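Taking it in order: structure first as structure tokens, then the write-up.
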Amino acid sequence: MSRTRILVFDSGLGGLTVFREIAKLLPDADFVYAADDAGFPYGGWAADDLVWRVVAVMRRLVGEFHPDVAVVACNTASTLVLPHLRAAFPDIPFVGTVPAIKPAAGRSRSHMISVLATPGTVARDYTRDLVASFAAHCRVELVGSQNLARIAEDFMHGRPVSDDAIAAEIAPCFVQDGERRTDEIVLACTHYPLLLAQFERLAPWPVEWIDPAPAIARRVEFVL
Ligand code: DGL
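Numbering (the working numbering), first residue to last: 19 to 242.
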């Protein structure tokens, strides 16, 4: 009997945060993990170029590995490219990763939430529409980080990373307004959960950090 093959794709190592959750739920699956290192980081790519790039890379991956499901474990790509992938490969189910704005807005008691993502993801209509649809009752800070994905890659490669640099990247997520302050922060780039221990240690006050990876894993199981 052939095993179910799951392709997990990201621009780099961030998709491993999604892979590890899928592997917990579906330990017997056959996994292919693909990182587009040559294109990393996706955060600063122009939209049209990124669509072209991801469809081209996916064409090679699909041709070589014939996955039963393809997981785009990258918010920067998913918020833009999913409709193009579904049109180009109609026989393959795609599961994407998009900012978990709905659960954050639902859980927040202060009604002040932040979305920490790449510059590409915060600029997308897709992300703005999520805010309008699910967080209209909240003050939402969209924080596009220039450097965190690269810092996460450095960390994973065992290179030194600076607490000051990480603290500076997350600082705009923490907003105080009189008695109220941010209480939920959406990790809207799959690289960021790799730095969660640093975020928790360097946060000016405790918050909930929302990592959607377990929900994505459940979605993969459902699709299969
Ligand atoms: N891991 C990717 C994401 O979820 C982006 C990192 C990058 O290539 O900029 O958005």
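Beta carbons: idealized from backbone N, C-alpha and C, even for Gly. None of these values were measured; they are calculated from a predicted model.
Residue i, DSSP secondary structure in three states
i, result
"S132", "strand"
"W227", "strand"
"Q164", "coil"
"E197", "coil"
"L25", "strand"
"I110", "coil"
"L31", "coil"
"A206", "coil"
"V116", "coil"
"A170", "helix"
"V179", "coil"
"R77", "helix"
"V52", "In the sequence on display, residue 52 carries Ala and not Val. The answer is strand: DSSP assigns A52 an E or B state."
"A91", "coil"
Residue i versus residue j: straight-line alpha-carbon distance, rounded
i, j, result
"D108", "G114", "According to the sequence as given, residue 108 is Pro; it is not Asp. Distance between the alpha carbons of P108 and G114: 15 Å."
"A105", "F240", "21 Å"
"L205", "A135", "7 Å"
"E197", "H129", "12 Å"
"W63", "R237", "28 Å"
"A215", "P117", "20 Å"
"I184", "V73", "32 Å"
"G33", "P211", "10 Å"
"A154", "S20", "47 Å"
"T208", "T94", "9 Å"
"D48", "A41", "9 Å"
"R177", "P111", "36 Å"
"P45", "E39", "10 Å"
"C156", "W227", "17 Å"
"L31", "D147", "28 Å"
"S163", "L213", "14 Å"
Distance between beta carbons of residue j and residue i, contact taken as under 8 Å
i, j, result
"F27", "L79", "7 Å"
"R127", "D195", "With a Cβ gap of about 14 Å, R127 and D195 do not count as contacting."
"E159", "S180", "Not confirmed; about 23 Å, so no contact."
"T97", "Y144", "4 Å"
"I24", "D66", "The pair is not a contact, with the Cβ atoms about 29 Å apart (cut-off 8 Å)."
"A52", "S29", "Their Cβ separation, rounded to whole angstroms, is 10 Å, which puts A52 and S29 out of contact at 8 Å."
"M76", "A88", "7 Å"
With 16 other Cβ atoms within 10 Å as the buried cut-off, status of residue i
i, result
"R142", "buried"
"A233", "exposed"
"E218", "exposed"
"P101", "exposed"
"S151", "exposed"
"G124", "exposed"
"P224", "exposed"
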